[in-house]
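Remarks on the structure that follows.
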Amino acid sequence: ADLEGLTCPVSIEEIKNSVFAIGRLKTPGPDGFPALFYQDYWGVCYDDIISFVQDCFNTATLPDHLNETLIALVPKVERPMFMNQLRPISLCNTLYKVVSKILVARLRPCMTKLVSPNQVSFVPGRQITDNIIVAQEVLHKFKNAKGKKGFIAWKIDLSKAYDRMQWPFIREVLWEYKAILNGELTDSFSPQCGIRQGDPLSPYIFVLCMEKLSHLIQQKIHDRAWKSVQICQGGPHISHLFFADDLILFGEATIDQAWLMKQCLDDFCQLSGQCVSFEKSMICVSPNTCSDLANSIATISGSPLTASLGKYLGVPLIHTRVSKQTYQEVIAKAQKRLASWKSHTLSMAGRITLLQSVTAAIPIYTMQTAKLPMSVCDKLDQLNRNFLWGHTSNTSKIHLVNWEQVCKPKIVGGLGIKRSAWMNQALLAKTGWRLLQHEQGLWSQ
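Each residue of the sequence shown is one higher than the one before, starting from 1 at the first, in the UniProt record's numbering.
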């Protein structure tokens, strides 16, 4: 049934849904027509679009002009000096995106069967928080590890992951690019590798390509060569976690295991064209691993040994006791955002709107997977409270209404501002509900 869904003729409804799923003002490609044009004049160009898209699928070909792409170089830093400080984003023609989105809509339901549970990106029913929770559980196992058997976690940094993917490996061919340099088009050039960032289909192609590395690891596990980490008795064995190009490998802390991990990465890089930045990657070992063995593993891997892997998918990984300092970055983000507004003259209604729509959203991502210390929640509430009543760095204002009253729903006389601790509890309850609804997921097990 899934294969039939992938290969069946394209319906008019699929084409229309694809056209209207594109952002109206998304940057257009070389033809200059944004999605807004096709959506607003759908009644006029309806027949031509339907005929054109159906012809592309029936003949399994795309006209050369449709596949033309512009590359916009978006800076990663404030003042880029080198090419590696620029991110190439592809600007595809809108009609190409229509074709691509139809393929995505057909491929998405099959991703659950095609992709292993260790990869959670762009797979229906899986969320980024799944891997964060599993990673935290594995590191908790590390912290409590006893005896002679130690464990290692290797956080991998892939250099230019999208741009290095070899075409024969992904079975896709990109024909022609033009680049936008200082606002002007350069001459056309033909690339030799890479996936277009900006193409709706590209993330799915990349995930399927990364699945090859997962297969290599699973084969080593099947051969009983790769010794994965079992979090608890009866629990799953964790060997790796993927979210697109964010990778963490887990295994027993032995010399043979380190060589095996390195071999799997080298084999995958040779097949796909990927390049691991070993000096930017990090190795962490459980406390019961002897220092000489840990140093030998770091030497084999070519990655520095560290006591903390830092952040994973934007959330700090917990290696020791949680403190206010662990989530200091959440507080710093809120302070920075509020400080940027204090120079502006805002009414009470404006400050309330900003608190509800912006600052309240800053800690939500972290709150989904961790219970923040009460000191952090109190500090966030203090920042919101001071901003609401117009505090500045030089002056303090009287709080005219009790904070507890302010945080009540509007229907009972409050302003509907959410207290951080309550929001944290609600988000963790939501995660608990997902646990009951998705008992077969890797993170649930």
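Ideal placement from N, C-alpha and C gives every residue a C-beta, glycine not left out. Note that the coordinates shown come from a computational prediction; the quantities given were computed from them, not determined experimentally.
Query: Backbone secondary structure at Trp403 - three-state DSSP; Result: helix
Query: Sequence-distant residues of the same chain with beta carbon closer than 6 angstroms to Val376, five excluded per side; Result: Lys324 and Tyr327
Query: Residue of Ser308, Ser51, Val98 and Thr369 minimising C-alpha distance to Pro200; Result: Val98
Query: Among Trp403, Ala421 and Asp31, the one whose alpha carbon lies nearest that of Gly413; Result: Trp403
Query: Three-way DSSP call (helix, strand, coil) for Lys146 in this model; Result: coil
Query: Residue(s) in a DSSP beta bridge with Trp154; Result: Leu249 and Ile283
Query: Gly147 vs Ala253 beta-carbon contact at 8 angstroms; Result: no
Query: Through-space distance from Asn84 to Cys284, alpha-carbon basis; Result: 27 angstroms
Query: Reference residue 451; option with closest CA among Met210, Ile255 and Ile398; Result: Any property of residue 451 remains undetermined from this structure, which presents the chain solely from 1 to 445.
Query: 8 angstroms contact criterion, which Ile156 and Tyr312 should meet: CB distance rounded; Result: At roughly 11 angstroms, the Cβ-Cβ gap does not stay under 8 angstroms, so Ile156 and Tyr312 are not in contact.
Query: Assumed close pair Leu355, Trp341 - CB separation to whole angstroms, cut-off 8 angstroms; Result: In fact, because the Cβ distance is near 10 angstroms, the residues do not count as touching under 8 angstroms.
Query: Residue burial classification, Trp398 (beta-carbon count within 10 angstroms, cutoff 16); Result: Strictly speaking, residue 398 in this sequence is Ile, with Trp absent from that position. It counts as exposed.
Query: Whole-angstrom distance between Leu247 and Gln119, CA atom to CA atom; Result: 9 angstroms
Query: Bridge partner(s) assigned by DSSP for Val74; Result: Arg87
Query: Distance, Asp48 Cα to Lys369 Cα; Result: In the sequence as presented, Lys is not what sits at residue 369; that position holds Thr. Thr369 and Asp48: Cα-Cα distance of roughly 48 angstroms.
Query: Among Thr59, Ser51 and Phe20, the one whose alpha carbon lies nearest that of Asp40; Result: Phe20
Query: Local Cβ density within 10 Å of Leu6, reported as buried at 16 or more and exposed below that; Result: exposed
Query: Chain-order list of residues whose beta-carbon lies under 6 angstroms from that of Ser286 (same chain, five-residue window excluded); Result: Phe142, Ala145, Gly150 and Phe151
Query: Outcome for Met374 when other beta-carbon atoms lying within 10 angstroms are tallied against a minimum of 16; Result: exposed
Query: Span of the beta strand (DSSP E) around His240; Result: His240 to Phe243
Query: Glu172 versus Leu66 - alpha carbon distance; Result: Confidence is the limiting factor: at Glu172 the pLDDT is only 36, short of 50, which leaves the residue's position unreliable, though a coordinate-based value still follows. In a straight line, the C-alpha of Glu172 is about 16 angstroms away from that of Leu66.
Query: Cβ neighbours of Leu25 in the same chain (closer than 7 angstroms, five flanking residues each side left out); Result: Pro34 and Leu36
Query: Phe82, buried or exposed, once every other Cβ within 10 Å from all chains shown has been counted against 16; Result: exposed
Query: Same chain only: Cβ atoms within 8 angstroms of Arg224, ignoring 5 sequence neighbours per side; Result: none
Query: For Lys311, the residue or residues it bridges with in DSSP; Result: Pro316
Query: Beta-carbon spacing of residue 449, Met282 below 8 angstroms; Result: In this structure the chain extends from 1 to 445, so residue 449 is not present and cannot be described.
Query: Spatial distance of Met111 from Leu338 (CA atoms); Result: 41 angstroms
Query: DSSP three-state assignment for Val98, whether helix, strand or coil; Result: helix
Query: In DSSP terms, what Leu305 is bridged to; Result: Ile283
Query: Proximity of Asn384 and Ile417 at Cβ, strictly below 8 angstroms; Result: yes
Query: Cβ-based burial, Arg126 [other Cβ within 10 Å; buried from 16]; Result: buried
Query: Cut-off 6 angstroms between Cβ atoms - residues of its own chain near Val74, not counting five sequence neighbours on either side; Result: Arg87 and Ile89
Query: Beta carbon of Tyr96 nearer than 8 angstroms to that of Gly29; Result: yes
Query: Beta-carbon contacts of Val134 that lie in its chain and below 7 angstroms, excluding the five residues immediately before and after; Result: Ile238, Leu241, Leu442 and Trp443
Query: Contact belief for Trp154 with Leu249 at Cβ below 8 angstroms, rounded distance in angstroms; Result: 4 angstroms
Query: Span separating the alpha-carbon of Asn58 from that of Pro203; Result: 24 angstroms
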